[in-house]
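Have a look at the structure below, then the notes.
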Amino acid sequence: MLELIVISTLNGILFGMLLFLLSSGLTVIFSMMGVLNFAHASFYMLGAFFGYQLTKWIGFWPALVLAPLLVGAVGMAVERYGLRNTHKHGHVAELLLTFGLAFVIEEVVSMIWGKSPVDYRVPAILDFPAFTLFSTNYPAFKIFMLAVSVLIFVVLLIVLKRTRVGLIVQAALTHPNMVAHLGHNVGRVFMVVFGVGCALAGVAGVIAGPALVTQSDMAGLLGPILFVVIVFGGLGSLPGAFIASLVIGLVQTFGVALNGSLASAFGPLDPSLGPSVLSDIWNVTIAQIAPILPYVLLVLILIFRPMGLMGTRES
Amino acid sequence: MTAAIEILNVEKRFGNVGIIHGLNLSVAQGERHAVIGPNGAGKSTTFNLISGHIAPTSGEIRLNGDVISGLRPFEINRRGLSRSFQVTNVFARMTVWENVRCAVLWATGHRYAFWKNVDDLPEVRQRTAEILDDINLLHRREVPAGLLTYAEQRELEIGITIAGGADVIMLDEPTAGMSHAETERAVALIRRLTEGRTLVIVEHDMSVVFGLADRISVLVYGHIIASGTPDEIRGNPKVREAYLGEEAH
Amino acid sequence: MSVAAPSASDIRPVARSQSLKFYGIWVIVAIGLVVLPVIFSSGGSLTSFSLIGIAIIFALSYNILLGQTGLLSFGHAVYYGLGGFAVVHMMNAVAAHGWPLPLPFIPLVGGLGGFCFAAVIGWVMTKRAGTVFAMISLGIGELVASSSLILRSVFGGESGITTDRTALPHMFGWSFGPQIQVYYLIAFWVMIAAIAMYALTRTPFGRICNAVRDNPERVEFIGYDPHVVRYLSYCFAGLFAGIAGGLTAINFEIANSAYLGAVQSGLVLFATFIGGTAYFFGPILGAILVTYLQLGLTSLTTVWQLYFGIIFIGIVMFAPGGIAGILMMHRPLLRAGTLGTVIPSYLLALLPTLVLVGGVILGIETIAHYTASQGEGNVINLFGIPFNATTPSTWIIAIVTTIGGFLVARMTWRRIVEAWDRAARGARDQGYLA
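Protein chains in written order, with the numbering used here: chain A, 1 to 315; chain B, 1 to 249; chain C, 1 to 434.
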């Protein structure tokens with residue numbers, strides 16, 4: 001039991017940090033531009049596939065740098081040629097544009113790399129157990145993933161607190177209306193912020209790809225959870241996104257690891273009752289309902305705190 | 001007689017910043033009351049507090065004797081208070097006719113009715129047409145509100161505000177950005193439309209204020225420093241110092 | 001405008017001739033629906049018409065949210081799917097217990113199913129509008145879709161729940177076994193639902209929905225609670241989506257969890273938006289087009305969804321009013337008689353635009369075939385011309401037609417804009433355009 005708790009906590013924090021790599025970019029983009037980037041998880045997927053392809057061509061380490069840059073470039077192009085032209089039609093049009101984009105990216109990825117998982121492997125140098133806890137070998141690559149996400153987290157903090165761009169981003173987070181007064185540079189600032197946000201998602205993709213499954217439906221699977229994270233944390237709040245990422249990461253990881261059900265806790269139902277909603281609920285394991293736990297959290301937060309954990313904004 | 005609006009010791013803080021402190025104001029029924037003050041004095045906040053857009057941190061606001069502080073805007077509106085906005089705030093994609101008609105619907109008791117044909121309600125049609133006639137926009141009734149000229153939108157804004165038949169009308173800088181001729185027209189319009197009702201108006205144009213108001217209150221840094229007839233306000237040394245004095249610079 | 005200022009007493013109720021014209025349209029549509037299967041009587045077209053009819057109801061129900069109330073939902077299929085399951089269970093119950101409920105009334109059960117779920121969950125969901133609502137609708141959609149796989153006794157797991165529509169009491173001697181009878185059942189409900197939804201837009205509630213869409217803040221100051229308006233709108237949308245889902249279940253005699261999934265929600269959004277949300281008939285056009293494309297493209301290409309996505313992005317970026325918006329843009333020009341000056345620029349743009357589209361299609365198909373066959377020789381048949389995905393010439397043709405087509409097309413598009421501006425000025429001078 002203790003083993004399960006320790007390992008799941010580690011995995012949960014890891015998953016939470018990955019979520020934060022995505023939700024932080026999403027939050028900053030939303031705060032500055034008012035655009036909820038529906039395609040954000042698709043950029044994560046692009047990161048994974050670019051990482052896979054570049055690893056095949058030039059090796060993992062160059063890919064780790066190059067793939068996110070490529071994803072960032074794609075993101076900047078999307079901002080420059082797509083969002084900027086759509087801006088005049090309002091936020092709903094922008095959201096719809098990114099929705100269509102998510103759809104197109106998924107189709108293009110499955111067109112090029114197919115619908116089945118690609119063989120994106122952990123680089124050999126990191127393919128060993130880092131330590132053994134009780135009876136579980138904890139892979140070094142996961143430690144590496146954790147290190148990368150923590151490193152980026154720290155760099156982000158420094159950028160936010162110490163640089164001019166960071167100050168602008170911070171100001172935008174607290175006073176969303178002031179971005180309009182940035183002057184003639186506003187277009188370039190938006191483009192860079194959007195690009196950086198997408199590149200962060202790309203990094204997450206490159207490092208998550210070998211550990212999870214790199215497949216054309218990975219954006220569709222992660223995207224909704226990502227939106228739960230930012231609604232749960234409160235739209236436009238970075239601390240909220242951070243807490244929510246960890247909470248959802250831990251909840252899901254623990255959910256998957258637990259095998260209990262009402263049947264295992266209280267004994268099986270009388271079989272003569274036959275199949276019913278009750279027997280469905282009675283027999284389902286926590287692991288089976290793990291995928292819906294984030295959405296249950298979403299409903300709960302909506303009922304009890306509609307603004308989200310740290311949210312202050314109406315829309 | 002109970003006052004139309006009574007504000008008792010209202011305070012409003014945003015975080016640690018106090019915008020309004022110890023605000024007391026009484027507007028008698030049937031009175032035309034102007035609120036003036038320098039920029040950032042809290043005039044719009046006061047409007048937002050009275051109309052329920054934001055809730056006061058402490059204190060009490062009464063409408064015709066009933067406490068309304070803490071109520072939602074639509075609840076306050078249903079009790080007979082209607083306001084306009086400083087920035088034009090109309091239903092941009094709907095026609096002028098639809099704009100005014102929507103503002104008539106609740107007051108005529110049709111509420112959320114989804115079983116009545118909206119074109120088939122004679123009293124709604126009648127009242128909408130009268131209001132459009134009053135604000136001189138009848139000939140523009142088929143035009144989407146977003147395509148009106150600025151002055152026309154301001155008039156429509158007033159039309160929407162009075163359409164529900166509220167007996168307390170609050171206008172937030174109704175003539176802002178208008179030319180001299182347009183302002184004169186708007187003032188005549190306001191005077192005519194608010195006949196027999198209570199009017200609270202925020203205005204920067206002093207000729208409008210002194211021409212229209214029965215009483216004037218001067219708001220400086222979230223506090224009423226003087227309240228009285230136009231003559232009293234003109235002669236008040238505190239007002240001269242705090243507000244009119246600034247204007248002379 | 002040189003119109004004499006009207007006075008308030010001049011405003012009369014809708015003129016009789018106008019209301020005649022209005023009822024005329026509905027009668028014509030009804031006759032059209034009756035005659036359609038007589039003209040196109042093949043089994044394939046009957047199936048297509050049935051699906052299109054259902055898609056029309058579904059898209060119109062979605063537009064109650066998006067076009068009327070300004071609510072962007074990513075989870076509208078939930079109500080469609082639940083309607084379908086409600087209908088399947090009801091049909092099985094009717095057959096099992098021998099209740100005297102004939103099939104034509106069954107879609108109402110679907111509507112009730114969609115309505116009830118919307119009524120229960122809608123109050124929480126519609127607390128917030130805008131982006132937050134969109135995200136919540138997505139989350140709820142995922143929640144319901146995932147839950148449906150857990151509650152196997154209700155949703156039948158992966159395989160779904162089947163039913164037999166002929167097991168219900170017959171009506172007018174119809175067993176509803178043959179597709180033609182199902183088609184007429186669907187056509188009947190299309191008329192009912194479309195009229196009801198159109199009527200809804202003409203009520204005080206419908207108009208307040210528009211007001212909430214345009215400016216929810218101001219609505220609060222004319223006596224309305226925007227949350228209540230959004231909630232009611234949400235319930236109505238659930239009701240009609242449920243009817244559409246119920247008809248699908250009757251049509252296929254099955255309901256499965258795919259009905260309430262994200263793909264279905266995405267498709268209805270595509271159909272509605274591509275058709276145009278600002279006019280009542282927009283979603284109808286969109287439903288016809290998207291269903292038709294879906295049926296047609298699936299047999300032609302493996303990447304049909306990619307084309308959907310591209311069309312959708314194109315509409316969002318260049319014609320946010322959808323097809324209906326493009327059509328209605330021409331009305332003032334037509335009235336002013338300046339439309340003729342625009343037509344030549346359209347004709348001029350047609351060829352290069354087609355070349356561009358052809359190039360893009362060739363490019364996409366070439367990549368699709370190349371990767372699908374792992375680089376082995378593979379022949380694509382495009383517009384009757386065979387192309388080999390592995391020969392460089394195919395790639396070059398695709399690139400040249402795409403880039404060349406784009407460069408030339410862009411010039412002709414500019415001409416359209418210029419011609420359009422002139423024509424619009426003419427229309428404005430005559431008072432047909434504000």
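Even glycine gets a Cβ: it sits at the ideal position worked out from N, Cα and C. Being a predicted model, the structure only gives us computed values, none of them experimental.
Short-range partners of chain C found in the stretch 57–90 of chain B, where Cβ spacing is below 8 Å: ARG72, PRO73, PHE74, ASN77, ARG78, SER82, ARG83, PHE85, ASN89 and VAL90
A/PRO139 (DSSP reduced to helix, strand or coil): Within the first sequence, residue 139 of chain A is the residue found at index 139, counting from 1. Three-state result, A/PRO139: strand.
Three-state secondary structure assigned by DSSP to A/GLU3: Walking along the first sequence from the start, residue 3 of chain A turns up at place 3. Three-state result, A/GLU3: helix.
Any C-beta of chain B under 7 Å from that of C/ASN215: Counting from 1 along the third sequence, the entry for residue 215 of chain C is found at position 215. Taking Cβ atoms only, chain B reaches closer than 7 Å to C/ASN215, which makes this a yes.
Exposure label - B/TYR150; buried when at least 16 CB within 10 Å: Looking up residue 150 of chain B in the second sequence gives position 150. By the neighbour-count rule (16 or more Cβ atoms within 10 Å), B/TYR150 is not buried but exposed.
Chain C within 7 Å of A/LEU96, Cβ atoms only: The residue given as residue 96 of chain A occupies position 96 in the first sequence. Yes, A/LEU96 counts as interfacial toward chain C.
Test: B/ASN9 CB closer than 7 Å to a CB of chain C: Here residue 9 of chain B is taken as the residue at index 9 of the second sequence, counted from 1. No, its Cβ sits nowhere closer than 7 Å to a Cβ of chain C.
CB contact below 7 Å: C/GLN305 versus chain A: For the purposes of this step, residue 305 of chain C is identified with residue 305 of the third sequence, where counting begins at 1. It does; some Cβ of chain A falls within 7 Å.
Cβ of B/LYS12 within 7 Å of any chain C Cβ: Walking along the second sequence from the start, residue 12 of chain B turns up at place 12. Chain C, which has no Cβ nearer than 7 Å to the Cβ of B/LYS12, makes this no.
Closer than 7 Å to chain C by CB, B/HIS110: As a working mapping, residue 110 of chain B is identified with position 110 in the second sequence. Taking Cβ atoms only, chain C reaches closer than 7 Å to B/HIS110, which makes this a yes.
Among C/GLY110, C/ALA211, C/TYR370 and C/LEU138, the one whose alpha carbon lies nearest that of C/PHE58: In the third sequence, the residue the question calls residue 58 of chain C occupies position 58. Looking at the Cα atoms, C/GLY110 is the closest of the given residues.
Exposure of B/HIS180, with buried meaning 16 or more beta-carbon neighbours within 10 Å: Sequence index remark: in the second sequence, residue 180 of chain B carries index 180 (1-based). The residue in question, B/HIS180, is exposed, as its Cβ has fewer than 16 Cβ neighbours within 10 Å.
Proximity below 7 Å, CB of B/VAL218 to CB of B/MET170: Reading the second sequence from its first residue, position 218 is the one you call residue 218 of chain B. Reading the second sequence from its first residue, position 170 is the one you call residue 170 of chain B. Against a cut-off of 7 Å, the Cβ pair of B/MET170 and B/VAL218 comes out as no contact.
contact_flag[the stretch 276–286 of chain C, the stretch 60–80 of chain C] where n(CB pairs < 8 Å) is 3 or more: yes
For B/LYS12, the residue or residues it bridges with in DSSP: If you number the second sequence from 1, residue 12 of chain B lands on position 12. Its beta-bridge partners are B/ILE20.
Helix, strand or coil at B/GLU182 according to DSSP, with G and I counted as helix: Translated into the one-based positions of the second sequence, residue 182 of chain B becomes position 182. Correct three-state label for B/GLU182: helix.
8 Å Cβ cut-off: residues of chain A touching C/GLU142: Walking along the third sequence from the start, residue 142 of chain C turns up at place 142. Those within 8 Å of C/GLU142 in chain A are PRO224, ILE292 and TYR295.
Start and end residues, beta strand (DSSP E) containing A/GLU106: Numbered from its first residue, the first sequence carries residue 106 of chain A at position 106. Taken as a continuous stretch (DSSP letters only), A/GLU106 belongs to no beta strand (DSSP E), being part of the alpha helix (DSSP H) at 91–113.
8 Å Cβ shell around C/THR302 - same chain, five flanking residues per side excluded: For the purposes of this step, residue 302 of chain C is identified with residue 302 of the third sequence, where counting begins at 1. These residues qualify, in order along the chain: ALA368 and ALA372.
Interface residues of the stretch 45–79 of chain A facing chain C [CB-CB below 7 Å]: none
Within-7 Å CB hit, B/MET94 to chain C: Taking the first residue of the second sequence as position 1, residue 94 of chain B is located at position 94. Yes - at least one Cβ of chain C is within 7 Å of the one on B/MET94.
Positions along the stretch 190–213 of chain C whose CB lies within less than 8 Å of some CB in chain B: ALA199, LEU200, ARG202, THR203, PRO204, PHE205, GLY206, ARG207, ILE208, ASN210, ALA211 and ARG213
Beta-carbon spacing of C/GLY122, C/CYS235 below 7 Å: Residue mapping note: residue 122 of chain C aligns to position 122 of the third sequence, counting from 1. Residue mapping note: residue 235 of chain C aligns to position 235 of the third sequence, counting from 1. Closer than 7 Å, so yes.
Extent of the continuous beta strand (DSSP E) run through B/GLU60: Counted from its first residue, the second sequence places residue 60 of chain B at position 60. Residues 58–63.
Residues near C/ARG428 in its chain [Cβ-Cβ closer than 6 Å; skip 5 each side]: The count along the third sequence starts at 1 and reaches residue 428 of chain C at position 428. Nothing listed; no residue qualifies.
Rounded C-alpha distance that separates C/GLY438 from C/MET317: There is no way to answer for residue 438 of chain C, as the model of chain C reaches only from 1 to 434.
C-beta atoms of C/ALA349 and C/ILE416 nearer than 7 Å: As a working note, residue 349 of chain C is residue 349 in the third sequence. As a working note, residue 416 of chain C is residue 416 in the third sequence. Yes, they are a contact pair.
Selected residue, minimal CA-CA separation from C/ILE54, among C/GLY246, C/VAL355, C/MET328 and C/VAL263: Taking the first residue of the third sequence as 1, we reach residue 54 of chain C at position 54. The shortest C-alpha separation from C/ILE54 is found at C/GLY246.
Coil, strand or helix - C/SER50 by DSSP: One-based indexing of the third sequence puts residue 50 of chain C at position 50. In this structure, C/SER50 counts as helix in the three-state DSSP scheme.
B/LYS116 at chain C interface by Cβ criterion, 7 Å: Stepping through the second sequence from its first residue, residue 116 of chain B is reached at position 116. It does; some Cβ of chain C falls within 7 Å.
Identity of the residue in B/GLU157, B/HIS204 and B/GLY30 nearest B/LEU189 by Cα: What you label residue 189 of chain B is simply residue 189 of the second sequence in a count that begins at 1. Considering only alpha carbons, the answer is B/GLU157.
Exposed unless 16 or more other CB atoms sit within 10 angstroms - verdict on C/SER17: In the third sequence, counting from the first residue as 1, residue 17 of chain C sits at position 17. With fewer than 16 other Cβ atoms within 10 Å, it is exposed.
Chain-order list of residues whose beta-carbon lies under 7 Å from that of B/PHE47 (same chain, five-residue window excluded): As a first step, residue 47 of chain B is located in the second sequence; it is residue number 47 there, counting from the start. If we look at B/PHE47 and ignore the five residues flanking it on each side, its Cβ neighbours are ARG83, MET170, ASP172 and VAL202.
Chain A within 7 Å of C/ARG425, Cβ atoms only: Taking the first residue of the third sequence as 1, we reach residue 425 of chain C at position 425. No, its Cβ sits nowhere closer than 7 Å to a Cβ of chain A.
Reduced DSSP category for A/ASP280 - H, G, I as helix; E, B as strand; rest coil: As a position in the first sequence, residue 280 of chain A is number 280, starting the count at 1. Looking at A/ASP280 - three-state DSSP - the assignment turns out to be helix.
Presumed contact (8 Å Cβ cut-off) between C/ASP214 and B/ALA92, rounded CB distance: By one-based count along the third sequence, residue 214 of chain C stands at place 214. By one-based count along the second sequence, residue 92 of chain B stands at place 92. That belief holds up - the Cβ atoms of C/ASP214 and B/ALA92 are roughly 6 Å apart, short of 8 Å.
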